[in-house]
Amino acid sequence: MHPDSQISATLVCWGNAWLTGQVGLDEAADRVERQAGPQLVAGENGDLLLRAFLADLRVEGMKSLRLALPVAGDPLGLTGPPPFNSAAIEAGQAAIAVLAGRCLGLVPTRDRRGSSYAGVRWSVLEASANVPDIPSLAEAEHTLTLAMRTATDALLGVEGPAQGHRRVESVDDGLAPGYPARAHRVAALAARLAAVLRVADDRGLTSGQIVTRGNALRDLDRAVRRARVAAHHAITELVQPRPGVAGHGGPAA
């Protein structure tokens, strides 16, 4: 997948909105397809439509979807095994379906057939049921704010030749209905900073300035990815039943 693709994040947030009863399955699947075209899941007996695959997982007891945004050296959201980790790191993203006692990893790849068909095909791999080391939403927001300030201070000290301003297009937070306001705020800031990272370049800088700039942007990228993962998981924190309190009814279908 292209590193700028948000398809795993879209699947996770709209899938979780469906699982928590905020939207129906058709609406969730439509939003994923609207972003990247037809969605197919590789199965043992041939490809399945994404919505059929999700419906089957729900029958099997799928509880939630988790987002992984790993890079080499920082397997954010992953807990193994190695085949799934390697595929997710190569793609730069993955979704993890959490079921009772096990997890399935979903890794997207571009699906092009001929000159007119363009969509996404998801590979399914066994994933560890261990809980990944992911920050809370509050921790991720705090870290992102600090990283933004640190990066700003570092970059202000890197004075290269004037290059003009490359316009950053407006972005939205990408979250589905049902997410808390704080998650929308954190996701919106992370999306904005991710757009800034995409247009940054090193033209006209000395080697020392490039190192300083690279360190600042790398730390900011790490904080952005953590903030996005925390924001996309926030809806599942809202629906965790308190001890001794019965859960509410099932999700919309």
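Numbering (my numbering), first residue to last: 8 to 260. The beta carbon of each residue, even a glycine, is placed where N, CA and C say it ideally should be.
(request) Can you grab the Cα-Cα spacing for the pair P258 / V30, in whole Å? (result) The residue you call residue 258 lines up with position 251 of the sequence shown. The residue you call residue 30 lines up with position 23 of the sequence shown. A caution first: P258 carries a pLDDT of 42, below 50, which makes its placement in the model unreliable, though a value can still be read off. Annotation: P258 to V30 spans about 8 angstroms, alpha carbon to alpha carbon.
(request) State buried or exposed for V236, treating a residue as buried only when at least 16 other CB atoms are found within 10 Å of its CB. (result) Counting from one through the sequence shown, the residue named residue 236 turns up at place 229. Burial call: buried.
(request) Within the region 96 to 138, note down every full beta strand (DSSP E) run reaching 3 residues or more, in order along the chain. (result) If we require 3 residues or more, the beta strand (DSSP E) runs fully inside the region 96 to 138 come out as 101 to 106, 109 to 120 and 124 to 134.
(request) Taking 7 angstroms as the cut-off, decide whether the C-beta atoms of A125 and G44 are in contact. (result) Position 118 of the sequence shown holds residue 125. Position 37 of the sequence shown holds residue 44. Their beta carbons are under 7 angstroms apart, which means A125 touches G44 by this criterion.
(message) Buried or exposed, going by whether 16 or more other CB atoms sit within 10 Å of the CB of T159?
(response) Along the sequence shown, one-based indexing puts residue 159 at 152. By the 16-neighbour rule on beta-carbons within 10 angstroms, T159 is exposed.
(message) Looking only at its chain, what residues have a beta carbon closer than 6 angstroms to the beta carbon of P187, apart from the 5 residues adjacent to it on each side?
(response) The sequence position of residue 187 within the sequence shown is 180, counting from 1. Around P187: A241.
(request) Following the continuous alpha helix (DSSP H) through L182, name the residue where it begins and the one where it ends. (result) As a working mapping, residue 182 is identified with position 175 in the sequence shown. Per DSSP, L182 lies in no alpha helix (DSSP H) segment and is marked neither H nor E.
(request) Using three-state DSSP, classify Q46 as helix, strand or coil. (result) Position 39 of the sequence shown, counted from the first residue, corresponds to residue 46. Correct three-state label for Q46: strand.
(message) To the nearest angstrom, how far is the alpha carbon of S123 from that of A95?
(response) Working through the sequence shown from its first residue, we reach residue 123 at position 116. Working through the sequence shown from its first residue, we reach residue 95 at position 88. Here the alpha carbons of A95 and S123 stand approximately 27 angstroms from one another.
(request) With 7 angstroms as the threshold, decide whether the Cβ of M155 is near any Cβ in chain D. (result) Of the protein chains in this structure there is only one, and it is not chain D.
(message) Distance check for L227 and T116, CA to CA, integer angstroms please.
(response) For the purposes of this step, residue 116 is taken as residue 109 along the sequence shown, with counting starting at 1. For the purposes of this step, residue 227 is taken as residue 220 along the sequence shown, with counting starting at 1. Cα to Cα, the separation comes out at about 26 angstroms.
(message) Taking contact to mean 3 or more Cβ pairs, one atom from each stretch, closer than 8 angstroms, check whether the region 59 to 74 and the region 99 to 109 are in contact.
(response) For the pair of segments examined, the region 59 to 74 was found to touch the region 99 to 109: the number of CB pairs separated by less than 8 angstroms reaches three.
(request) With a threshold of 16 other CB atoms inside 10 Å of the CB of R109, please say whether the residue is buried or exposed. (result) Along the sequence shown, read from residue 1 onward, the residue named residue 109 stands at position 102. The residue in question, R109, is exposed, as its Cβ has fewer than 16 Cβ neighbours within 10 Å.
(message) Determine whether the beta carbon atoms of N92 and L83 lie at a separation below 7 angstroms.
(response) As a working mapping, residue 92 is identified with position 85 in the sequence shown. As a working mapping, residue 83 is identified with position 76 in the sequence shown. No, they are not a contact pair.
(request) Per DSSP, which residues does V78 bridge with? Please list them. (result) Working through the sequence shown from its first residue, we reach residue 78 at position 71. In DSSP, V78 forms a bridge with D81.
(message) If I measure Cβ to Cβ from R233 and keep anything under 7 angstroms in the same chain, skipping five residues before and after, which residues do I get?
(response) Within the sequence shown, residue 233 is the residue found at index 226, counting from 1. If we look at R233 and ignore the five residues flanking it on each side, its Cβ neighbours are L83, P142, A147 and T150.
(request) Select from A16, E40, A59 and V138 the residue whose C-alpha is nearest the C-alpha of P88. (result) As a first step, residue 88 is located in the sequence shown; it is residue number 81 there, counting from the start. Taking P88 as reference, the option from A16, E40, A59 and V138 with the minimal CA-CA separation is V138.
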